[in-house]
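In what follows, a structure is listed as structure tokens, so that the remarks can point back to it.
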Amino acid sequence: MQQLAIGSKYPEPSKKFRKKAALLSVIAMGLGQIYNRQYVKGFLLLAFYVYGIFTAVTSLPHALWALITLGETETHLQKVGRLYKQVMGDHSIFLMVESLITVFIMLVLIWLYIAGIKDAYRTGKLREEGVRPNTFKQTLSFVAAYRFPHIVLAIPLLGVVFFTVMPIIFMILVAFTDFTRETMPPAHLINWEGLQAFKELLRTKAWSHTFYSVTLWTFIWAFFATITGYFGGFAAALLVQSKGIRFRSFWRTAFILPFAIPMFVSTLIMRNIFNGQFGPVNQYLGMLGIAKAPWLSDPLWAKITLILVNFWLSFPVSMLMIIGILSTIPRDMYEAADIDGASGSQKTRLITFPMVMYSMAPLIIMQFVANINNFNIVYLLTNGKPLNGDFQFAGHTDILITWLFKLSMEQGKYNYASVIGIFIFIVLSVFAIWNVRRTKAFKEEDAS
Amino acid sequence: MTKKLGLLTLCMMLIFVLSACGGKPGSGAENSGNAAADSGGEATAEGTEELTPEPGAELTFWTIKDGFSDYAVQEFEKKYNIKVTVEDVAYWDSVARMTTDGPSGTGADVFGMTNDFLGGAVNAGLVLPNDYFEEDTKTINRKLAVDASTYEGILYGYPRSVYTYGLYVNKDLVKDAKLDTWDDVIAFSKKFNDVKSNKYGFMFDSGSFYLFSFLTGYGGYIFGSNETDPTDIGVNNEGSVKGMTFLKSLKDILPFKLTDMTRDAKNGLWEQGKLAMNMDGSWEIGKYSKLPFQVAVIPLPAMPEGKAPVTLAGTTSYYVSTYSKYPNAAKLFANFITSKDMQIKDNELIGSIPAAEGIDDSIRKDEIMQGFLKQIESSRMWSSLPEMQYFGQYMDPAFDAVWNGADVKATLDKAAEGMKTSIGMK
Chain A
1 MQQLAIGSKY PEPSKKFRKK AALLSVIAMG LGQIYNRQYV KGFLLLAFYV YGIFTAVTSL
61 PHALWALITL GETETHLQKV GRLYKQVMGD HSIFLMVESL ITVFIMLVLI WLYIAGIKDA
121 YRTGKLREEG VRPNTFKQTL SFVAAYRFPH IVLAIPLLGV VFFTVMPIIF MILVAFTDFT
181 RETMPPAHLI NWEGLQAFKE LLRTKAWSHT FYSVTLWTFI WAFFATITGY FGGFAAALLV
241 QSKGIRFRSF WRTAFILPFA IPMFVSTLIM RNIFNGQFGP VNQYLGMLGI AKAPWLSDPL
301 WAKITLILVN FWLSFPVSML MIIGILSTIP RDMYEAADID GASGSQKTRL ITFPMVMYSM
361 APLIIMQFVA NINNFNIVYL LTNGKPLNGD FQFAGHTDIL ITWLFKLSME QGKYNYASVI
421 GIFIFIVLSV FAIWNVRRTK AFKEEDAS
Chain B
1 MTKKLGLLTL CMMLIFVLSA CGGKPGSGAE NSGNAAADSG GEATAEGTEE LTPEPGAELT
61 FWTIKDGFSD YAVQEFEKKY NIKVTVEDVA YWDSVARMTT DGPSGTGADV FGMTNDFLGG
121 AVNAGLVLPN DYFEEDTKTI NRKLAVDAST YEGILYGYPR SVYTYGLYVN KDLVKDAKLD
181 TWDDVIAFSK KFNDVKSNKY GFMFDSGSFY LFSFLTGYGG YIFGSNETDP TDIGVNNEGS
241 VKGMTFLKSL KDILPFKLTD MTRDAKNGLW EQGKLAMNMD GSWEIGKYSK LPFQVAVIPL
301 PAMPEGKAPV TLAGTTSYYV STYSKYPNAA KLFANFITSK DMQIKDNELI GSIPAAEGID
361 DSIRKDEIMQ GFLKQIESSR MWSSLPEMQY FGQYMDPAFD AVWNGADVKA TLDKAAEGMK
421 TSIGMK
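So the protein lines, in turn, are chains A and B. Residue numbering for the first sequence is 1 to 448, as defined by full-length UniProt numbering. Residue numbering for the second sequence is 1 to 426, as defined by full-length UniProt numbering.
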């Protein structure tokens, strides 16, 4: 670095650096940097430029063709003499994924291209002001010293782009095709169908009936599952923390037990416990002389059982969190209330509840969102049963996500499943974004 | 300054991107091109000549690993000196996995599959026809097994075994009670049932696959022309209605909801010796011959008017993947492990019911095996059509509804209507 700084004679300040640098970068990414004497960076960018041009020439036309047509030659068997041979054609799904990757890489390169022009312009401007541009080593050491988090964040960001955004776009694209088990690649080509799947799902009576009913139940389920779990945890926390309770840690441990057992296991156990004929719950009820309840075989009861079991599995977490919050509420507020002669319920209603809600509200919303997507418990406990002859491939207790699973994994209706996936995606992202925006931390950053 | 850093960060990112995905589009195309060229070359070279395994062939074999598969693979390796890697993939998972693993080159060369998946697998272009050994396969196996491995007139499979269900009987409980008709079963169960302590005379699995046998007994069918015509649906014909009405009458001895009669619950009672008669599949032979009580199998007894239920049966066959790099070796292997001798060995080792004919003298003589051999005679192969997926979808709720008291004719009409709509709609 020393060598470089001494060796290079710096030219007189001029007004033309920024324009020239930017223009050179427009012609080819990296030229502007080289002109600015940032050689390593320049050549690195130039390498990307060459790669970008190469991709654009070799892969991009194929990718665009693939995205538009989804393949043109069908795979088929050909009989030669006594033997059949497979003659490979285009695989629509692979074509779609591969072209998406190409398009994504191109987009990233274009972004890099624009950023390169801006950078050349800015560095040119610095030079005009007489500032010597950073050498590559200087840049590197500056980055390592001050921008380390950016580098580390870049890795998950990359993951988000290629493992979250791209699959989502892929899923969205599938919704506009006729991708079902009947048109399974590679033997068949998939075609773009536009809004056909949306129309059929939302307009055809058989499908729309299932869709609206399942959606309605999904929201009812998520609402009750969240509310019961939360207030159950609240009540348990208040009781455990109330004055005069001894062996607090024992109670806490006892109540956390349902959560300590893997949900997968406990749900499967519950499934047997609530069996209307052979399950112990009904056997005990029978001993007490109470009629057997159709826990899992009656539609309404099955829904109630789901919420009950979910309550049992989810209240310990709320309880633990609320216990934590309770301990942060200042004692003197209660003492002041005592002096004013407030009753116990007034204290709970006017002090404890608002304080807890203040911290818990975002979490409740997230729990609601999680419950909309609570695949495990529904799939393992009822698997959508009891069956419903009026529904398409769904039972009375199926929520959107389990229905989506059944449609794709069991029925091979991938395009319909994608439409439902888009719907869930929209609902969830609205909640998630709304939730993030209203949390305190986010607001604070906005304000600053 | 920050922009600069952003740029640098980006460079780093791009290095990842390029190394991770850069080569993909090109190499993918290349591979498929090669594969096509290769198979083309072989096709002309082989023609009608003898089937010789490709030099350096290595096979991946998906099956449910059991004593027989280990044995057969060993024998094959000894005879042909071709290495076979066995992976434990269930017959009902293989198609789904092959659709993704096949094209990406990590799938099996030979895989097992039950016949209800055949139509879908052919539609997805996953299986090569059984061309070279077609005659052999047709001569040694039962016609129904061959038919079940055939789709749209082309034989694809190498049948290994057939399966159906029958009546497992706990002889310690039943003793010498007469069980010739369902009236006998009902009479026995009425005496034997003890709901308080969960003891029952008779129980079945509540899936459509099992219950439909009562409908076929009176002439009901799923698809016409021997389960090959999806436009002719018989789940609501006269025979089906009659069978369903009979099935409903069994509620006397099974006083609870179908939803509660889960497979777990039923098998639990059976293995504890609290269930006298258990209607279940032949795939349980291995497990149930080791129970601490004496077990026999009898064909399903006759219903009123002397008609016996006709059980649905299936065939497990092996298939050669279209993606196999060594199709000849794969065909040799598939044929080898399903040869007559191997089927006998299969029966001896794990109690499969052979798909092959004319080997009755060499197979197991116990009461379970003999019972199933009788049952398979009065069974009906269930369809290999892809439209089969709608059967369970509409019939499961129908059985549930009728069991809970719905009108038989109306419920079956609705189920048939649903199936027709789905098949028409696609």
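For each residue, glycine too, the CB sits at the ideal point set by N, CA and C.
- The beta carbon of Pro397 (chain B) sits closer than 7 Å to some beta carbon of chain A.
- In the DSSP assignment, no residue is bridged to Arg97 (chain B).
- Tyr221 (chain B) places its beta carbon 7 Å or farther from that of Gly314 (chain B).
- Look at Ala401 (chain B): its C-beta is under 7 Å from a C-beta on chain A.
- Ile285 (chain B) and Ala154 (chain A) have their alpha carbons spaced roughly 57 Å apart.
- Not a single C-beta of chain A is nearer than 7 Å to the C-beta of Pro230 (chain B).
- For Gly392 (chain B), no Cβ of chain A is located within less than 7 Å of the residue's own Cβ.
- Beta-bridge partners of Leu350 (chain A) (DSSP): none assigned.
- Annotation for Tyr84 (chain A): no alpha helix (DSSP H) segment contains it, though the beta strand (DSSP E) segment containing it runs 83-87.
- Sequence-ordered contacts of the stretch 318-342 of chain B with chain A read Thr322 [C-beta pairs closer than 7 Å].
- At least one C-beta of chain B is nearer than 7 Å to the C-beta of Lys385 (chain A).
- Where Arg271 (chain A) is concerned, there is no enclosing beta strand (DSSP E), although the alpha helix (DSSP H) around it starts and stops at 263-273.
- The alpha-carbon of Phe136 (chain A) is positioned some 15 Å away from that of Gly32 (chain A).
- The residue among A:Ile364, A:Thr328, A:Phe375 with its C-alpha nearest the C-alpha of Thr352 (chain A) is A:Thr328.
- Burial check for Asp70 (chain B): the Cβ neighbour count within 10 Å stays below 16, so the residue is exposed.
- Within chain A, the residues whose beta carbon sits less than 8 Å from that of Pro129 (chain B) are Leu77, Tyr84, listed in sequence order.
- Using a Cβ-Cβ distance cut-off of 8 Å, the stretch 185-198 of chain A and the stretch 370-377 of chain A are not in contact, since fewer than three pairs of beta carbons, one from each stretch, lie closer than that value.
- The bridge partners DSSP lists for Asp232 (chain B) come to none.
- Distance between Tyr35 (chain A) and Leu201 (chain A), taken at the CA atoms: about 58 Å.
- By the Cβ-count criterion, Thr231 (chain B) is exposed, with fewer than 16 other Cβ atoms from all chains shown falling within 10 Å of its own Cβ.
- If you check the CB distance, Asn236 (chain B) and Ala416 (chain B) come in under 7 Å.
- Between Asn36 (chain A) and chain B, the shortest Cβ-Cβ separation is not below 7 Å.
- Counting every other CB atom within 10 Å of its CB across the protein chains shown gives Ala260 (chain A) a total below 16, marking it as exposed.
- Using a Cβ-Cβ cut-off of 7 Å, Phe214 (chain B) does not count as an interface residue toward chain A, since no Cβ of chain A sits closer than that to its own.
- For Ala121 (chain B), no CB of chain A lies under 7 Å from its own CB, so it is not counted at the interface with that chain.
- Listed along chain B, the residues sitting closer than 8 Å to Gly276 (chain A) by beta-carbon distance are Phe256, Lys257, Thr259, Asp260.
- Less than 7 Å divides the Cβ of Val110 (chain B) from the Cβ of Ala334 (chain B).
- In this structure, Tyr121 (chain A) places its C-beta atom within 7 Å of the C-beta atom of Arg18 (chain A).
- The Cβ neighbour count for Asp390 (chain A), taken over all protein chains shown within 10 Å, is under 16; the residue is labelled exposed.
- Selection A:Arg147, A:Thr218, A:Phe43, A:Phe274 evaluated against His396 (chain A) yields A:Thr218 as nearest (Cα-Cα).
- Taking 7 Å as the cut-off, the beta carbon of Met29 (chain A) is found closer than this to the beta carbon of Leu45 (chain A).
- Between the stretch 307-321 of chain B and the stretch 210-218 of chain B there are three or more inter-stretch CB-CB distances shorter than 8 Å, so the stretches are counted as touching.
- Along the stretch 378-410 of chain A, going in chain order, the ones with a CB nearer than 7 Å to a CB of chain B are Lys385, Pro386, Leu387, Asn388, Gly389, Phe393.
- In the three-state reduction of the DSSP assignment, Leu155 (chain B) falls in the strand class.
- Between Gly405 (chain B) and chain A, the shortest Cβ-Cβ separation is not below 7 Å.
- Between Ile64 (chain B) and Ala96 (chain B) the beta-carbon gap is near 15 Å, outside 8 Å, which marks them as no contact.
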